[in-house]
Amino acid sequence: MNCRRCDRKASIHMRQHKLALCKEHYLEWIPEQTARFIKKYEMFAHDEKILVAVSGGKDSLSLWHILIKLGYQADGLYLGLGIDEGINYSHESQRLTEEFAASHNLKLHIVDIEKEYGQPIPVIAERSHRGHGKPCAVCGLAKRHEMNRIARDLGYDVLATGHNLDDEAAVLFGNTLNWSSEYLLRQGPVLPGTAGLARKVKPLCRFYEREMTAYAIMSGIEYIYEECPFADGSQSIFYKESLNQLETARPGAKLIFYLNFLEAKKSGKLFLEKNVELANLHPCPRCGQPTSTPDQCSFCRMIEKTQSETG
Amino acid sequence: MVAKLILRDKEYEVRPGMALADALKKSNIVPESVIAVRDGELITDDEILKNGDVIKLVAVISGG
Chain A
122 MNCRRCDRKA
132 SIHMRQHKLA
142 LCKEHYLEWI
152 PEQTARFIKK
162 YEMFAHDEKI
172 LVAVSGGKDS
182 LSLWHILIKL
192 GYQADGLYLG
202 LGIDEGINYS
212 HESQRLTEEF
222 AASHNLKLHI
232 VDIEKEYGQP
242 IPVIAERSHR
252 GHGKPCAVCG
262 LAKRHEMNRI
272 ARDLGYDVLA
282 TGHNLDDEAA
292 VLFGNTLNWS
302 SEYLLRQGPV
312 LPGTAGLARK
322 VKPLCRFYER
332 EMTAYAIMSG
342 IEYIYEECPF
352 ADGSQSIFYK
362 ESLNQLETAR
372 PGAKLIFYLN
382 FLEAKKSGKL
392 FLEKNVELAN
402 LHPCPRCGQP
412 TSTPDQCSFC
422 RMIEKTQSET
432 G
Chain B
24 MVAKLILRDK
34 EYEVRPGMAL
44 ADALKKSNIV
54 PESVIAVRDG
64 ELITDDEILK
74 NGDVIKLVAV
84 ISGG
């Protein structure tokens, strides 16, 4: 199979696009497409300050790599979650992120959850009794809270995450299975900024996970290959595997699933009414971030509970 | 006469002369979930495997 642009031997074949490319042209194609998506979904402009949430994984490090290549002002944010589980998971993720930042001369902010809140994620999960014995729900909540806090505190215009199409399709699949209309309404490449909430964007949302892995390998990006020890058996991985079975039989199925959803949502043809009001938000009395719960936000209630149990 | 596929800590032996796509299918590996690397270079699924080939399969799924 040969590269469509130069006829050399191809390194990757993207069946959903009927496109094969060699390494050189693939490393051009990914940033070109990313620039197209940033423009299409009006994510940000060149004069805006971007904070990239980096985990040490292939997607977030590749996103940072691409944004710098495209000439954006992008700094990194690494959240130390304190996950060890015998494989030094967080420590190794942080090391790889720091090495990436240093080798590309980039600014990296590091926030350690244990230093900020007195305990690492697995302990917060255990003490808050959230998540049915797994810390994933607590981890997600803490990451969303902290990413927003840091982006606002440090004056960034936009927060960029490395979600790829498989991440988005898996979330969409889960929300569709459950007909979670409120979550379906919120999903998209851009979550606009509102009072207290930073604008969130997903510039990689139209690339398959396989494509981002290929980009990281071809670019020589060293990323954490080991899966988070708590992710084993997770629902999102099960959904991704199921969608990949579908994709193998029907190339392009994942892409069509996601893009047609975005189109239906935009045009108002989705089963949902276009202008359903979101829940009333008010500032949390403790941290000031918007929340729909009556008093403190879920994160602050969780931290308060774990701290009172500690004390 | 054998070619090897390695995915994490598992090894699969396949017959040389078959295409990578067929080798993956025979080994019950979903092609969409891996990237195949031979001698540090990515290969496409129409690549014919040769005797002695060692193909590293990089798992692509992450997240929890």
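Taken in sequence, the protein lines are chains A and B.
Heads up: take any position in the first sequence, counting from 1, add 121, and you land on this note's numbering.
Heads up: take any position in the second sequence, counting from 1, add 23, and you land on this note's numbering.
In this text, a Cβ means the ideal position worked out from N, Cα and C, and glycines have one as well.
Starting from residue i, trace the beta strand (DSSP E) in both directions and tell me its first and last residue.
i              : result
E34 (chain B)  : 33-37
R248 (chain A) : Element bounds for R248 (chain A): not the beta strand (DSSP E) but the alpha helix (DSSP H), 242-249.
I78 (chain B)  : 77-82
K27 (chain B)  : 26-30
D287 (chain A) : Here D287 (chain A) belongs to no beta strand (DSSP E); instead the alpha helix (DSSP H) covers 286-298.
K321 (chain A) : 320-322
A281 (chain A) : 279-281
Going by DSSP, which residues form a beta bridge with residue i?
i              : result
N123 (chain A) : A:K130
I58 (chain B)  : B:V81
L231 (chain A) : Inspection of the sequence shows that residue 231 (chain A) is occupied by Ile rather than by Leu. A:Y199.
P404 (chain A) : A:P411
L65 (chain B)  : B:V60
L312 (chain A) : A:K321
I358 (chain A) : According to DSSP, which records beta bridges pairwise, I358 (chain A) is partnered with nothing at all.
I71 (chain B)  : B:A42
Given that residue i touches chain B, what residues does it touch there, using C-beta distances under 7 Å?
i              : result
T369 (chain A) : V53, P54, E55
Q194 (chain A) : Residues of chain B passing the Cβ test: none, with the nearest at roughly 27 Å.
Q366 (chain A) : V53
E247 (chain A) : Going along chain B, no residue has its Cβ under 7 Å from E247 (chain A), so there is no contact; the nearest lies around 17 Å.
For the alpha helix (DSSP H) holding residue i, just list the boundary residues, first then last.
i              : result
H266 (chain A) : 257-274
I151 (chain A) : 144-161
D45 (chain B)  : 43-49
K139 (chain A) : Careful: K139 (chain A) lies outside any alpha helix (DSSP H) and carries neither H nor E.
R331 (chain A) : 330-340
L446 (chain A) : It is not possible to answer for residue 446 (chain A), since the shown part of chain A is limited to 122 through 432.
L380 (chain A) : 374-388
I345 (chain A) : Per DSSP, I345 (chain A) belongs to no alpha helix (DSSP H) and is neither H nor E.
Report the neighbours of residue i on chain A: residues whose CB is nearer than 7 Å to its CB, in chain order.
i             : result
I58 (chain B) : R331, T334, A335, I338
V81 (chain B) : T334, I338
What residues of chain B sit near residue i, judged by a beta carbon separation below 8 Å?
i              : result
S183 (chain A) : None at all; the shortest Cβ gap to chain B is about 12 Å.
E362 (chain A) : V53, S56, I84
D288 (chain A) : G86
G203 (chain A) : The contacting residues do not exist; G203 (chain A) stays about 15 Å from chain B at best.
A131 (chain A) : T67
Using a C-beta to C-beta distance shorter than 9 Å, which residues of chain B count as neighbours of residue i?
i              : result
H134 (chain A) : T67, D68, D69
E384 (chain A) : What E384 (chain A) touches in chain B: nothing, since even the nearest Cβ is about 23 Å away.
Note down, in chain order, every chain A residue with its Cβ under 8 Å from the Cβ of residue i.
i             : result
V77 (chain B) : Here the premise fails: no neighbours, minimum Cβ distance about 16 Å.
Residue i versus chain A: which residues are under 9 Å apart at the beta carbon?
i             : result
E34 (chain B) : Under the 9 Å cutoff, chain A gives no residues; its nearest Cβ is about 17 Å from E34 (chain B).
Check whether the stretch 143-152 of chain A touches the stretch 227-245 of chain A, counting contact only when three or more Cβ pairs, one atom from each stretch, lie closer than 8 Å.
no
Every unbroken alpha helix (DSSP H) within the stretch 167-214 of chain A, with a cutoff of 4 residues, ordered by chain
179-190
Tell me whether the stretch 175-184 of chain A and the stretch 306-321 of chain A touch, counting them as touching only if at least three CB pairs, one residue from each stretch, are closer than 8 Å.
no
Should the stretch 263-274 of chain A be regarded as contacting the stretch 287-298 of chain A, the criterion being three or more beta carbon pairs within less than 8 Å?
no
Between the stretch 46-57 of chain B and the stretch 412-426 of chain A, do three or more beta carbon pairs fall short of 8 Å?
no
For the pair the stretch 256-266 of chain A and the stretch 25-42 of chain B, tell me if three or more CB-CB distances fall below 8 Å.
no
Would the stretch 278-286 of chain A and the stretch 162-174 of chain A be scored as touching if the rule is three or more Cβ pairs under 8 Å?
yes
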